[in-house]
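With the first letter of the sequence shown counted as 1, position 27 gets the number 35 in our numbering; the numbers rise by one all the way through. Glycine residues also receive a C-beta, built at the ideal position from the N, C-alpha and C atoms.
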Amino acid sequence: MHGLMTDPTEFPVEVRRAAELALERKAHDVVILDLRGISTATDYFVIAGGTSDVQVKAIAEHVLDELKKESVRPEHLEGLRGGRWVLLDYVDFVVHVLHPQARDFYQLENLWGDAPRWEAPEA
Numbered sequence: 009m010h011g012l013m014t015d016p017t018e019f020p021v022e023v024r025r026a027a028e029l030a031l032e033r034k035a036h037d038v039v040i041l042d043l044r045g046i047s048t049a050t051d052y053f054v055i056a057g058g059t060s061d062v063q064v065k066a067i068a069e070h071v072l073d074e075l076k077k078e079s080v081r082p083e084h085l086e087g088l089r090g091g092r093w094v095l096l097d098y099v100d101f102v103v104h105v106l107h108p109q110a111r112d113f114y115q116l117e118n119l120w121g122d123a124p125r126w127e128a129p130e131a
């Protein structure tokens with residue numbers, strides 16, 4: 009089963025900021041997964057849900073734009089045009105913004121079910 013981390017201050021500031029920015033655009037089911045020791049690809053996933061392609065894009069663009077203002081730029085970006093699944097790769101952390109059907113299909117939280125996690129309280 010997965011561990012629940014209730015204290016988001018255990019995460020790096022950029023990771024927490026990405027989650028906050030997603031929430032500012034009304035993202036739902038925002039989760040941070042701590043992949044250190046589990047994945048060699050990255051240390052953290054920030055996973056956020058949007059209710060439509062338009063909202064998925066808006067959430068991703070907000071995270072992208074605001075982190076750029078703080079000199080945090082992604083190494084790689086995918087899916088912004090489509091709006092089903094946007095991936096912002098910042099090397100040490102990856103932000104995934106998903107449409108509900110994409111999120112249900114790929115089930116990232118379950119794939120990384122053994123990772124410690126923090127779930128944003130629902131508004």
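If you follow the beta strand (DSSP E) that residue i is part of, which residue opens it and which one closes it?
| i | result |
| --- | --- |
| Phe53 | Tyr52 to Gly57 |
| Leu96 | Trp93 to Asp97 |
| Asp42 | His36 to Asp42 |
| Leu29 | Per DSSP, Leu29 belongs to no beta strand (DSSP E); it is in the alpha helix (DSSP H), Val21 to Glu32. |
| Glu78 | Premise fails: Glu78 is in no beta strand (DSSP E) and is neither H nor E. |
| Leu85 | His84 to Glu86 |
| Arg125 | Arg125 to Glu127 |
Please report the residue range of the alpha helix (DSSP H) in which residue i lies.
| i | result |
| --- | --- |
| Phe101 | Element bounds for Phe101: not the alpha helix (DSSP H) but the beta strand (DSSP E), Phe101 to Leu106. |
| Glu117 | Leu116 to Leu119 |
Mind reading off the beta-carbon distance from residue i to residue j? Whole number of angstroms is fine, and I expect it under 8 Å.
| i | j | result |
| --- | --- | --- |
| Thr48 | Asp100 | Not a contact, Cβ separation roughly 12 Å. |
Between the C-alpha atoms of residue i and residue j, what's the straight-line distance to the nearest angstrom?
| i | j | result |
| --- | --- | --- |
| Glu83 | Phe113 | 26 Å |
| His104 | Asp61 | 13 Å |
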